[in-house]
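To keep things clear, I will list the structure first and then write my remarks on it.
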Amino acid sequence: MSRGGVPLRRLANESSEKRGVARMAMKFKVSVLIVSVIVALYVVIGGLLPRSGVIASYNDPYSQLTIFQEVLARIINDYVDEPDLEKVRVGALRGLAEGLDPYSAYLTPEQVRRLNGERSGAEAESGLVLSKVAGYAYVVSVMKGSPAEVAGLRSGDVIEYIGTRATRDMSLYEARELLVGPVGKEVELKVFREGRSETFKFKLDRFPRPGPEAKVLERGLGYLKLTTLEEGESARVRAELERLLAQGVNRLILDLRGVATGTLTEALAVANYFIGSGTLAKTIGREGRTLQTFTADPQRQLYRGELAVLIDRSTAGAAEVLAAAILENKRGELVGERTFGAGGEQKLFPLRDGGGLYITVVKYATPSGKPIMGSTSATSGIVPTVEVPRPDRGPTPEELEEREELPPEEPSVQPSPQPPSEDLPLKKAIEILRKT
Numbered sequence: 001m002s003r004g005g006v007p008l009r010r011l012a013n014e015s016s017e018k019r020g021v022a023r024m025a026m027k028f029k030v031s032v033l034i035v036s037v038i039v040a041l042y043v044v045i046g047g048l049l050p051r052s053g054v055i056a057s058y059n060d061p062y063s064q065l066t067i068f069q070e071v072l073a074r075i076i077n078d079y080v081d082e083p084d085l086e087k088v089r090v091g092a093l094r095g096l097a098e099g100l101d102p103y104s105a106y107l108t109p110e111q112v113r114r115l116n117g118e119r120s121g122a123e124a125e126s127g128l129v130l131s132k133v134a135g136y137a138y139v140v141s142v143m144k145g146s147p148a149e150v151a152g153l154r155s156g157d158v159i160e161y162i163g164t165r166a167t168r169d170m171s172l173y174e175a176r177e178l179l180v181g182p183v184g185k186e187v188e189l190k191v192f193r194e195g196r197s198e199t200f201k202f203k204l205d206r207f208p209r210p211g212p213e214a215k216v217l218e219r220g221l222g223y224l225k226l227t228t229l230e231e232g233e234s235a236r237v238r239a240e241l242e243r244l245l246a247q248g249v250n251r252l253i254l255d256l257r258g259v260a261t262g263t264l265t266e267a268l269a270v271a272n273y274f275i276g277s278g279t280l281a282k283t284i285g286r287e288g289r290t291l292q293t294f295t296a297d298p299q300r301q302l303y304r305g306e307l308a309v310l311i312d313r314s315t316a317g318a319a320e321v322l323a324a325a326i327l328e329n330k331r332g333e334l335v336g337e338r339t340f341g342a343g344g345e346q347k348l349f350p351l352r353d354g355g356g357l358y359i360t361v362v363k364y365a366t367p368s369g370k371p372i373m374g375s376t377s378a379t380s381g382i383v384p385t386v387e388v389p390r391p392d393r394g395p396t397p398e399e400l401e402e403r404e405e406l407p408p409e410e411p412s413v414q415p416s417p418q419p420p421s422e423d424l425p426l427k428k429a430i431e432i433l434r435k436t
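Reading the sequence shown from the start, the letters are residues 1 to 436 in the working numbering.
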């Protein structure tokens, strides 16, 4: 049969060819878009990467574009199903950003709107301070009095799932987003701890941030516990420190364990209470170039006595700046474990699709210029002068990165024991100061 003298088979073939051409044209347009966005991202990221003389081809962002083009061509031409190229594009962008460090991410347009404050209503939270280690969400610290602390979460816990979503399949930014929301939102976490997986359930809530705690342990020996270094905390620390001085304290234990939130400004202010001269910290940018150097003001020093500082892997960010200042200015001993190794500032670069590239542009550094956040857990953080490991210790970030997987689960393991009542690092710090 024919229509208008043209065989129906020919019409069908022509129609099929036109659809094929249309599909190819659409694929070409989308592939050009994907490659263009990747090129744009490499321009941004490449401009932030260090360049020294001749760069090896494997580290040259532009030489890698041919690999992306090859992968894209294979997906378009050889993938068994019709690929969702929008999903491919977003996945490529996420992979690019998350390959930099745990705190960098590609944000979708919706995430950018939320970051810019377009959220509805005041939000509750979990109280978990997270990073990523070996691809998993890792609990750096748990805020005192938070829903997560009440539920039994601890520093060092490895979160495998948030609800039904594997944390290895999401960015740190996404994990954090899942742990904020309206008051009463239910959260379920599957956590790996001390050889086995456990499930924790709690509801998000608002909770007060406790201030610093100060007390006299014995004649002349004081104890000052910080919980955060958020805005305004340095004034509260000053008040507690002055109260201890008024009680005759000339030997002091400064406890920075669990302090993983705060600002550089507050950390510098508190450091200055103990250090009267010299460099407190630096910020560094591309190629290790020093951006700012922060020095002590002699007029702001409050305490000149003996000092011991308690740190562990739940000490992170601004608290690490404070610990490093005391260490490198030889103002006191650091007692405990290596700190976590997180300290930097991120910036949002808007993209054409309405999304954004949220990447680290500044790192915090010690007075000598060593970045607190290294390229691996083994090169990050501040090392104590007197090491006292925690007895309830699970796999460290270094061990997790080395394995790249969680250790095999041990079915015979009894329920996780509670941390011992005796505070061994505190006991050691008291011993050190008694000898001075």
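C-beta: ideal position from N, C-alpha, C; glycine also.
| Hey, would you say I461 sits closer than 8 Å to A429, going by beta carbons? | Any question about residue 461 goes unanswered here, given that the chain covers just 1 to 436.
| task | Taking the CB atoms as reference points, tell me whether L357 and A97 lie closer together than 8 Å. | result | Indexing the sequence shown from 1 puts residue 357 at position 357. Indexing the sequence shown from 1 puts residue 97 at position 97. Yes, the pair counts as a contact, with Cβ atoms nearer than the cut-off.
| With 16 as the cutoff for other CB atoms within 10 Å, does A267 come out buried or exposed? | Position 267 of the sequence shown, counting from 1, holds the residue named residue 267. It counts as buried.
| Which residues bound the alpha helix (DSSP H) around K427? | By 1-based counting over the sequence shown, the position of residue 427 is 427. It spans 424–434 - the alpha helix (DSSP H) in which K427 sits, taken as one unbroken run.
| Are there 16 or more other CB atoms within 10 angstroms of the CB of Q442, so buried, or fewer, so exposed? | The structure shown does not extend to residue 442, since the chain is modelled only from 1 to 436, so the question has no answer here.
| said: Distance check for E240 and S197, CA to CA, integer angstroms please. | reply: Working through the sequence shown from its first residue, we reach residue 197 at position 197. Working through the sequence shown from its first residue, we reach residue 240 at position 240. The straight-line gap from Cα to Cα measures roughly 41 Å.
| request: Please work out which residues of its chain come closer than 7 Å, Cβ to Cβ, to S52, disregarding the five sequence neighbours upstream and downstream, and give them in chain order. | output: In the sequence shown, counting from the first residue as 1, residue 52 sits at position 52. For S52, the predicted structure reports a pLDDT of 44, less than 50, and the residue's modelled location is therefore unreliable. The matter cannot be settled from this model.
| Any beta strand (DSSP E) of 3 or more consecutive residues that is wholly inside the stretch 250–294 | 251–255, 279–284
| query | Hey, P147 and G127: beta-carbon distance below 8 Å or not? | reply | Here residue 147 refers to the residue found at position 147 of the sequence shown. Here residue 127 refers to the residue found at position 127 of the sequence shown. Yes, Cβ-Cβ distance for P147 and G127 is below 8 Å.
| Per DSSP, Q346 forms a beta bridge with which residues? | As a position in the sequence shown, residue 346 is number 346, starting the count at 1. T360, per the DSSP bridge assignment.
| field | Coil, strand or helix - Y223 by DSSP | value | Your numbering for residue 223 matches position 223 in the sequence shown. Y223 falls in the strand class under three-state DSSP.
| task | Report the residue from V321, R313, E422 whose alpha carbon sits nearest the alpha carbon of L130. | result | For the purposes of this step, residue 130 is taken as the residue at position 130 of the sequence shown. The shortest C-alpha separation from L130 is found at R313.
| message | Can you list, in chain order, the residues of its chain with a C-beta nearer than 6 Å to that of T199? Leave out the 5 residues immediately preceding and following it. | response | Within the sequence shown, numbered from 1, the residue matching residue 199 stands at position 199. Once the five neighbours on either side are set aside, the close Cβ partners of T199 are K190.
| query | Under a Cβ-count criterion, where at least 16 other Cβ atoms within 10 Å of its own Cβ denotes burial, should I67 be classed as buried or exposed? | reply | Here the question's residue 67 lines up with position 67 in the sequence shown. By the 10 Å Cβ count, I67 comes out exposed.
| Whose C-alpha, out of V361, L264, F207, A246, is nearest the C-alpha of E287? | What you label residue 287 is simply residue 287 of the sequence shown in a count that begins at 1. Looking at the Cα atoms, V361 is the closest of the given residues.
| field | Supposed contact pair A281 and G317 - C-beta distance, whole angstroms, cut 8 Å | value | Position 317 of the sequence shown, counted from the start, is the residue given in the question as residue 317. Position 281 of the sequence shown, counted from the start, is the residue given in the question as residue 281. Not confirmed; about 12 Å, so no contact.
| What residue range is occupied by the uninterrupted alpha helix (DSSP H) comprising F68? | Residue mapping note: residue 68 aligns to position 68 of the sequence shown, counting from 1. Looking at the DSSP string, the run of the alpha helix (DSSP H) that includes F68 is 65–78.
| query | If you draw a straight line from the alpha carbon of V237 to that of P212, how long is it in whole angstroms? | reply | If you number the sequence shown from 1, residue 237 lands on position 237. If you number the sequence shown from 1, residue 212 lands on position 212. In this structure, the CA atom of V237 is about 6 Å from the CA atom of P212.
| task | Identify the continuous alpha helix (DSSP H) that holds L229 and give its terminal residues. | result | Position 229 of the sequence shown, counted from the first residue, corresponds to residue 229. No alpha helix (DSSP H) holds L229; DSSP gives it neither H nor E.
| task | Compute the minimum distance between the beta carbon of M143 and the heavy atoms of the ligand NAP, and state whether it is under 7 Å. | result | As presented, the structure is devoid of all ligands, the ligand NAP included, so that no description of it is given.
| Residue ranges of each alpha helix (DSSP H) run of no fewer than 4 residues wholly in the stretch 157–230, ordered along the chain? | 172–178
| What separation, rounded to the nearest whole angstrom, lies between the Cα atoms of Q111 and G135? | Within the sequence shown, numbered from 1, the residue matching residue 111 stands at position 111. Within the sequence shown, numbered from 1, the residue matching residue 135 stands at position 135. Answer to the nearest angstrom: the Cα atoms are 21 Å apart.
| Where does the unbroken alpha helix (DSSP H) through K87 begin, and where does it stop? | Locating residue 87 in the sequence shown gives position 87, where the first residue counts as 1. That run of the alpha helix (DSSP H) goes 85–98.
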